[in-house]
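Take a look at the structure below.
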Amino acid sequence: MSILSAILMAIAILAIGLAAYSVFMAKRREEAARTAAERSEMIKNEFVAMVSHELRTPLTSIAGFAAMLIDSWETLDPAEVTEFLSIVNSQSEHLSDLVEDILVIPRIETGRLPLDPEDVDLSQLAHRVNDVTFPPGMGKEASVAIPGGVRVRADARRVQQVLRNLAENAKKFGGDQILIEGAFLGDHYLVVVSDNGTGVPDEEVSRIFQQFEQIAEGNQRIGSGTGLGLPIARELARAMGGDVWYERRFPMGSRFCFTIPIAPPPAAFQEKPTEETTSPERAPRF
């Protein structure tokens, strides 16, 4: 075989190899795209199912107590009427909060979330969240240890949304002892929602602030929910110049920490911090 023939044969083999490699990579990309599409469809279906369940729960409660009030209005004593109306009101607020969580996602992702900073009484907001999240008779109670007079400059509606999401998380996944407490931390005010539950497994900590994610044991999710509460809480806190992070509570349980500037400059409502803030040394121990 001449040198020219050998060169041509080598070129032909190389061309065949490159063509085969291109076909192989195209199939890999096609498989990856199909897998991504299937996962996206699975996440969408799971999200729709979770949202349907979460919306149905307060709707069922509202409809049930409203029907009881209509059917038995003349026989109920005033205390029972007040109790039923209180439950209907709290469930209506819960339903409104769920809808707000769903609507706020695209605003956060596009950077078009309007914020209206004002002087906020943090203690008053915390007590209101506590009253709505832990109504009498539900089997779980939370204590609020934020002194009156603590005021921050923030968007009251969004601060309440952060507190409510952290409280709801503690209600669903925590134990029977839940505490909402606070302390000054430099130029921020720190709010800690702690519980005596099982805590978050170490291998799950990196996922709890991802949208639609919920911790699981084996193949079973723990508790219920849309998987939006914690991610939204963190993004809202960061939009206001603060942050939300998780710490393990010893000997058992969880501590979800929320900081908000005491008197932030206007730029704090426009720029998000990019650094991760998950160090357990940042928050003082109560």
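Heads up, the sequence shown is in our numbering, so the first residue is 938 and it goes up one at a time.
Cβ coordinates follow ideal geometry from the N, Cα and C atoms, glycine included.
Go through its chain and collect everything with a Cβ distance to residue i's Cβ below 7 Å, but skip five positions before and after it.
i     : result
L1035 : E991, L992
P995  : Q1028, H1031, L1032
D1132 : A1107, G1111, G1112, Q1114, I1115, G1190, S1191
E1002 : Rather than Glu, the amino acid found at residue 1002 in this sequence is Phe. Correct list, in chain order: F1021, I1024, V1025.
V1142 : Y1183
By how many angstroms is the C-alpha of residue j removed from the C-alpha of residue i?
i     : j     : result
S1060 : L1116 : 13 Å
E975  : I948  : 40 Å
G1112 : I1145 : 18 Å
L1085 : E1020 : Per the sequence presented here, residue 1085 reads as Gly, with Leu not at that position. When rounded, the distance between both Cα atoms is 28 Å.
I1042 : R1171 : 12 Å
Q1098 : I1197 : 13 Å
G1123 : I1199 : 9 Å
R1101 : R1095 : 10 Å
S1080 : G1164 : 25 Å
I1000 : D1008 : For the sequence presented, residue 1000 should be read as Ala rather than Ile. Distance between the alpha carbons of A1000 and D1008: 12 Å.
D1068 : S989  : 25 Å
P1054 : A1093 : 7 Å
P1202 : A1063 : Confidence at P1202 is low in this model, with a pLDDT of 44, below 50, so the placement of that residue is unreliable and no value is reported for it.
L1050 : A970  : 32 Å
Y1183 : G1166 : 13 Å
M946  : R965  : 28 Å
A956  : E978  : 33 Å
Exposed or buried, what is residue i when buried is set at 16 or more other beta-carbons lying within 10 Å of its beta-carbon?
i     : result
S1027 : buried
Y958  : exposed
I950  : exposed
Q1147 : exposed
T972  : exposed
I953  : exposed
A1091 : buried
M962  : exposed
T1047 : exposed
M1177 : buried
A1168 : Just to set this straight, residue 1168 is Pro in the shown sequence, not Ala. When all chains shown are included, P1168 counts as buried.
E1154 : Bear in mind that a pLDDT of 44 at E1154, under 50, signals an unreliable position, so the number given afterwards is only what the model happens to contain. The residue is exposed, with fewer than 16 neighbouring Cβ atoms inside 10 Å.
D1056 : exposed
V1087 : buried
L1173 : buried
W1010 : exposed
F1193 : buried
Residue i by DSSP, collapsed to three states: which one?
i     : result
Q1147 : coil
L1121 : A quick correction: the sequence has Phe, not Leu, at residue 1121. F1121: strand per DSSP, three-state reduction.
R976  : helix
L1013 : coil
R1049 : coil
I1007 : helix
I953  : helix
D1058 : strand
F1021 : helix
H1135 : Per the sequence shown, the amino acid found at residue 1135 is Thr instead of His. Looking at T1135 - three-state DSSP - the assignment turns out to be coil, as it is neither helix nor strand.
R1044 : helix
P1188 : coil
V960  : helix
V1087 : coil
So is residue i in contact with chain C if we call contact Cβ pairs under 8 Å?
i     : result
W1010 : In the structure shown, chain C cannot be found, because there is only a single protein chain.
Leaving out the 5 sequence neighbours to the left and right, which residues in its chain are closer than 6 Å to residue i when beta-carbon positions are compared?
i     : result
V1128 : G1119, F1195
R1185 : G1136
V1089 : V1057, L1059, Y1126, I1197, I1199
R1044 : L1050
L1006 : F1021
P1188 : none
Ordered along the chain, which non-local residues of its own chain (more than five positions away) have a Cβ less than 8 Å from that of residue i?
i     : result
S1023 : P1072
A1104 : V1066, N1067, T1070, F1071, A1079, I1115, I1117, V1130
Three or more C-beta pairs closer than 8 Å, one from the region 1038 to 1055 and one from the region 1005 to 1017: is that the case here? no
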